[in-house]
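Undergrad: Residue numbers (full-length UniProt numbering): 1 to 149.
Below you'll find the structure I mean.
Structure below.
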C-alpha cells in the first residue's frame, strides 16, 4: 500500500529516535536492544497516536471538516492527541469520555489528559461505562451536521 496517496496533515516530529538499552539487552542475554522513542513525536506529549492522526486529520481537512469528534476512556492518550491536533489546525474538537473505572475522584476526572483536553479547547461529554460509543459518536456527528458543521 502506498501511504502517499492518502491525505496527510504533517505535524509529527519524525523520525523518532532509537535509544540503546544496553542493560536490558544484557539482562535478556542478547547483543543489543533499542527502544523506539515515540514519546518524541511532539504534539501534546507525543505518543504513537500521532502517526495515525496525521492521516485522520489529513482526511478531515481534505473533506472540509471543521470539527473533529473522538471518543475514549477518561484519561485517553488518543483523545489528548486528537484535541491537540484539532487545536493545531484550528478545528473544533468534541470528545466523548467513557467512565470505565467508576472513579468520581476530582483528581482523576479533572487532571492529567482530561485537563489537557480542556486546555486544548475540546468540548467534553462524559458517558457511563458500557455505553455504545459508536452510537454516541454518530449522535455527536449528527448534532454537528445539524448546526452546520
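Note that CB positions come from ideal geometry on N, CA and C, so glycine has one too.
Whose CA, out of 70, 112, 19 and 123, lies closest to the CA of residue 36?
TA: As a position in the chain shown, residue 36 is number 36, starting the count at 1. Nearest option by C-alpha distance: 19.
Undergrad: Have a look at the DSSP bridge pairing and note the partners of residue 151.
TA: With the chain covering only 1 through 149, there is no way to say anything about residue 151.
Undergrad: Spatial neighbours of residue 144 within its chain, please: C-beta separation below 6 Å, excluding the five flanking residues on both sides.
TA: What you label residue 144 is simply residue 144 of the chain shown in a count that begins at 1. Here the set comprises 67.
Undergrad: Please identify the residue among 45, 132 and 16 whose C-alpha is closest to the C-alpha of residue 100.
TA: As a position in the chain shown, residue 100 is number 100, starting the count at 1. Measuring from the Cα of residue 100, the nearest candidate turns out to be 132.
Undergrad: Residue 94: which of 43, 108 and 65 sits nearest, CA to CA?
TA: Counted from its first residue, the chain shown places residue 94 at position 94. Selected option, being the one with the closest Cα: 65.
Undergrad: Is residue 149 closer than 9 Å to residue 202 when the C-beta atoms are compared?
TA: Lying outside 1 to 149, the shown extent of the chain, residue 202 is not represented and no answer is given.
Undergrad: Entirely within the UniProt domain "Tryptophan synthase beta chain-like PALP" (12-143) and at least 3 residues each: give me those beta strand (DSSP E) ranges in chain order.
TA: With a minimum length of 3 residues, the continuous beta strand (DSSP E) runs that stay inside the UniProt domain "Tryptophan synthase beta chain-like PALP" (12-143) are 18-20, 34-36, 67-73, 92-99 and 123-128.
Undergrad: Can you give me the C-alpha to C-alpha distance between residue 21 and residue 39, rounded to a whole angstrom?
TA: Numbered from its first residue, the chain shown carries residue 21 at position 21. Numbered from its first residue, the chain shown carries residue 39 at position 39. Approximately 16 Å, taken between the alpha carbons.
Undergrad: Give every residue of the same chain whose Cβ lies closer than 7 Å to the Cβ of residue 13, excluding the five residues on either side of it in the sequence, and list them in chain order.
TA: The count along the chain shown starts at 1 and reaches residue 13 at position 13. So the qualifying residues of the chain are 40, 41 and 42.
Undergrad: Quick one: residues in its chain with C-beta nearer than 6 Å to the C-beta of residue 7, no 5 flanking neighbours on either side, listed in chain order?
TA: The sequence position of residue 7 within the chain shown is 7, counting from 1. Counting only Cβ-Cβ distances below 6 Å, and skipping sequence neighbours, we find 58, 59 and 62.
Undergrad: Please list, in chain order, all residues of the same chain as residue 123 whose beta carbon is under 6 Å from its beta carbon, the five residues on each side excluded.
TA: Translated into the one-based positions of the chain shown, residue 123 becomes position 123. Answer for residue 123: 94, listed in chain order.
Undergrad: Can you tell me the Cβ-Cβ gap for residue 77 and residue 49, rounded? I've got them flagged as a contact below 8 Å.
TA: Taking the chain shown and counting its residues from 1, one reaches residue 77 at position 77. Taking the chain shown and counting its residues from 1, one reaches residue 49 at position 49. Contact flag correct, Cβ pair sits at about 6 Å.
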